[in-house]
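Input: a single structure, listed below in structure tokens.
Protein chains: 2
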Amino acid sequence: MEGHLTDGVVEVGANGRERYYDSRGYGRPRGDGVRLSRVEAAHLLFRGDLDAVDGEGFSAFLADNAEIVVPFLVYKDLRDRGFYVSPAREGWIDEPAGVDFVVHPRGDGPWDGTVEHRIRVLGERAPVELDSLGDVVLAIVDEESEITYLQTTRPDISGSSSHTLSGPVEGTLLDDRVLCWNPPAELYEHGFYGQRLDRDDEAIQLSLVEAVYLADRGTLRVDGDTDAIRSRGRAAEGDRFDRRFAVYRTLRERGVVPKTGFKFGADFRTYADVEHVEELSHSELLVRVLSADAVCSPRDLALDVRLAHGVRKRMVFALVAAAQIQWVSISRLTP
Amino acid sequence: MEGHLTDGVVEVGANGRERYYDSRGYGRPRGDGVRLSRVEAAHLLFRGDLDAVDGEGFSAFLADNAEIVVPFLVYKDLRDRGFYVSPAREGWIDEPAGVDFVVHPRGDGPWDGTVEHRIRVLGERAPVELDSLGDVVLAIVDEESEITYLQTTRPDISGSSSHTLSGPVEGTLLDDRVLCWNPPAELYEHGFYGQRLDRDDEAIQLSLVEAVYLADRGTLRVDGDTDAIRSRGRAAEGDRFDRRFAVYRTLRERGVVPKTGFKFGADFRTYADVEHVEELSHSELLVRVLSADAVCSPRDLALDVRLAHGVRKRMVFALVAAAQIQWVSISRLTP
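Here is the structure:
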């Protein structure tokens, strides 16, 4: 059979509906015929199940529609995995904005109205606006046409860590950290604030975000109070310090203890249930703090997600705008 | 005993030499006395082995010399690990430029003139000029005062992959890749160029760097020749395309096959000994391509190195300036 490209859709008449839609889930029916997206038409041409579109075979059709090459690769991969896939066109699926395809649950087809994944296709060089994520799967096609699927969600972040400290503790602001020479043991042992200067010594070093948090609550006293610590932080990191502090405070308020994520290239790693530092469980999240309008390259996302997976943690992006934090979790997916 | 700070060095008289240098490797002798760096003096104060410097104990001395806090943490850590450590001062060690300490081999002291590691101390927020690396160990102190040691070397990159292809193969430039519909099997199977479009199909997709390399050598022919492919690459990536191509070509010329490193957040992963794609060994290197004047944050380095370690590969930075490429390898070190 042959199709005709009209207004970005390939129309196939006669018994196209039965042949392509009813039996194999391509396109949407129109009378006895079927309307196919260009990607679907390319897939049928590639498989030899459609003879031509306006006289063109697969390679000529692709050459004339080069912008569908990347989506075609994803569509083909999902079909090869045994899924029915619907193009995200207005009227074809619900809420098509921001996605390219929906994948139907295994065994279901476009006639069932069910959705397993909402897929957004990206080349590896396309910028990603992080605040657009949360209910889509990114299908990233790298320069060698391998596909990486990243699932994005909006997680609830909470834990049960809470320990009320008496205070105030005296501290000294030294370069970009605060030293407490004689703190109560609970500061480190139960609150999990700071780091011992030495195994055999009670002195504790606090990071600047920890110190601002404690000073804000009246648990820590240093010369110049919170302002002195905060301005040291801003001198070292600029606005990033305020963003990181906003995330630190929010995590603490939700019962989650943030500690540095430096060794994992992240801002924080987190512990949801701290009672005593000698009974710490594995840290659960890696948190990267960014401003809400941050744009990432797919490669940077792939790096973060791969690393988090390798150390059995969940990668979470904290997107900060003024008083509000959005949490976006990203993980690998094998459809 | 008591020391006196003069011109940035703490002088201890009387039998300071015997007590601090001869028996425990601190400072450099001067007559019967000893000259200590401020970091060494702080360490002796911390241990209670020196009573005061100009009347100050450990905490007061540190507060007056806040810029030595970070180096002090590294010095202490190395001492705790059982090494003698010499401050990198002119006349105290050879070639002190660019480093803060040298670590002597286990069992050796400053009197032996031997060096195990040359250590450069950095806070986690300090920028790192990559082309300054190669014969130093970075000791990076994070905001919670944990220390990460990164060994840097200048590796020789070479392999035994070589396969002469006949040609030319016809290709079509489609978006940001090249499709070859009927290439000889050796292109993919022995040369390890491109990726099959489908397991059961002979068509091969080439990345733009692969395509420029092959077109340059007359092995690939596309409409518009090399220039058309190269300008597509530049449109997608700007100067970065030229840097990546320079590295791709150099690796190929040295018998190493580069493939995309996207899944690892790198530019390339490499195979040193490709004979047939069905007998591929584990890829050995992850290569990140940067311009020679690139400056990285320690956290980005930590992320790359941690990931490479997790997937049992070596992290290599390819620093490109015009016709020249410097290779810098970075790996984790436990001193």
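Residue numbers (the working numbering), protein chains in the order written: chain A, 503 to 837; chain B, 503 to 837. From the three backbone atoms N, C-alpha and C, an ideal C-beta is built for every residue, glycine too.
Euclidean distance between Cα positions of residue i and residue j
i, j, result
"A705 (chain A)", "P598 (chain A)", "57 Å"
"E755 (chain B)", "S664 (chain B)", "9 Å"
"M817 (chain A)", "V711 (chain A)", "21 Å"
"S785 (chain A)", "R698 (chain A)", "19 Å"
"R834 (chain A)", "V813 (chain B)", "16 Å"
"R532 (chain A)", "G611 (chain A)", "17 Å"
"T836 (chain A)", "G584 (chain B)", "48 Å"
"A713 (chain B)", "Q707 (chain B)", "9 Å"
"D802 (chain B)", "S783 (chain A)", "26 Å"
"G527 (chain B)", "A737 (chain B)", "59 Å"
"S634 (chain A)", "A562 (chain A)", "35 Å"
"G740 (chain B)", "I659 (chain A)", "40 Å"
"S733 (chain A)", "L753 (chain A)", "22 Å"
"K843 (chain B)", "R808 (chain A)", "In the structure as shown, chain B starts at 503 and stops at 837, and residue 843 (chain B) therefore has no counterpart that could be examined."
"A590 (chain B)", "E520 (chain B)", "21 Å"
"V759 (chain B)", "R771 (chain B)", "8 Å"
"R530 (chain B)", "Y523 (chain B)", "6 Å"
"G839 (chain A)", "F560 (chain A)", "Limits of chain A in this structure are 503 at one end and 837 at the other, which puts residue 839 (chain A) out of reach."
"L495 (chain B)", "E780 (chain A)", "For chain B, the structure presents residues 503 to 837; residue 495 (chain B) sits outside this window and is missing."
"W613 (chain B)", "D700 (chain A)", "28 Å"
"D556 (chain B)", "R742 (chain B)", "55 Å"
"G518 (chain A)", "S525 (chain A)", "10 Å"
Minimum C-alpha distance to residue i - residue among the options
i, options, result
"R537 (chain B)", "B:S709, B:R745 and B:D509", "B:D509"
"V604 (chain A)", "A:G593, A:Y586 and A:A748", "A:Y586"
"L667 (chain B)", "B:E739, B:R719 and B:R751", "B:R719"
"L722 (chain A)", "A:L580, A:C682 and A:K761", "A:C682"
"V643 (chain A)", "A:D614, A:T655, A:P670 and A:Y577", "A:Y577"
"Q826 (chain A)", "A:V807, A:L624, A:D744 and A:S733", "A:D744"
"T762 (chain A)", "B:F574, B:L782, B:N567 and B:E645", "B:E645"
"P573 (chain B)", "A:N684, A:L676, A:D727 and A:R521", "A:L676"
"A748 (chain A)", "A:D700, A:R771, A:Y651 and A:L792", "A:L792"
"V776 (chain B)", "B:G557, B:E688 and B:V623", "B:E688"
"W829 (chain A)", "A:S662, A:P657, A:R746 and A:A804", "A:P657"
"I832 (chain A)", "A:A568, A:T650 and A:R679", "A:T650"
"V680 (chain B)", "A:Y773, A:R701, A:E780 and A:S647", "A:S647"
"V623 (chain B)", "B:L652, B:W613 and B:D703", "B:L652"
"L552 (chain A)", "A:D566, A:D582, A:A568 and A:H506", "A:H506"
"R746 (chain B)", "B:D727, B:L821, B:N517 and B:G518", "B:L821"
"G726 (chain A)", "A:D702, A:G673, A:E626 and A:Y750", "A:G673"
"L805 (chain B)", "B:P670, B:E626 and B:T655", "B:E626"
Neighbourhood of residue i by C-beta, 6 Å cutoff - its chain only, sequence neighbours within 5 removed
i, result
"R790 (chain A)", "A768, D769 and F819"
"A823 (chain A)", "A794"
"E460 (chain A)", "What the structure shows of chain A is the stretch from 503 to 837, and residue 460 (chain A) is not part of that stretch, so it cannot be assessed."
"P607 (chain B)", "T616 and E618"
"E504 (chain B)", "D553 and A554"
"V511 (chain B)", "R537"
"T655 (chain B)", "S831"
"E579 (chain A)", "At residue 579 (chain A) the sequence reads Asp, which differs from the Glu that was named. Cβ neighbours of D579 (chain A) beyond the five flanking positions: I649."
Sequence-distant residues of its chain with Cβ nearer than 8 Å to residue i (five each side left out)
i, result
"I570 (chain B)", "R540, V541, A544 and L564"
"A730 (chain A)", "L675 and V724"
"S662 (chain A)", "G757, A774 and D775"
"N567 (chain A)", "R540 and A544"
Neighbourhood of residue i by C-beta distance below 7 Å, restricted to the same chain and skipping five residues each side
i, result
"I595 (chain A)", "S588 and V604"
"A810 (chain B)", "L788, R816 and M817"
"H778 (chain B)", "E691 and H692"
"N684 (chain A)", "E704"
"V601 (chain A)", "A590, R620, I621, R622 and V638"
"D678 (chain B)", "L710, R734 and A738"
"R751 (chain A)", "Y715"
"G515 (chain B)", "G535"
Contact test: residue i Cβ vs the ligand SAM heavy atom, cutoff 6 Å
i, result
"G673 (chain B)", "Annotation note on the ligand SAM: not contained in the displayed structure, which lists no ligands."
Problem set entry | Inter-stretch contact at 8 Å, needing at least 3 Cβ pairs: the segment 622-630 of chain A / the segment 794-804 of chain A | yes
Problem set entry | Completely contained beta strand (DSSP E) runs for the segment 674-698 of chain B, where each covers 3 or more residues | 674-676 and 679-682
Exercise. Quick one: complete alpha helix (DSSP H) runs, 4+ long, within the segment 704-772 of chain B?
Worked result: 710-718, 727-739 and 741-755
Exercise. Can you list, in chain order, the stretches of the alpha helix (DSSP H) that have 4 or more residues and sit fully within the segment 516-582 of chain B?
Worked result: 540-549, 560-566 and 571-582
Problem set entry | Three or more C-beta pairs below 8 Å linking the segment 679-698 of chain B and the segment 548-557 of chain A | no
Exercise. Contact between the segment 637-648 of chain A and the segment 606-620 of chain A: three or more CB pairs below 8 Å?
Worked result: yes
Exercise. What are the uninterrupted segments assigned as alpha helix (DSSP H) that are 4 or more residues long and contained completely in the segment 779-823 of chain A, given in chain order?
Worked result: 800-812
For this session: Go through the segment 588-662 of chain A residue by residue and report every complete run of the beta strand (DSSP E) that reaches 3 residues or more, in order.
Result: 603-605, 619-625, 639-643 and 649-655
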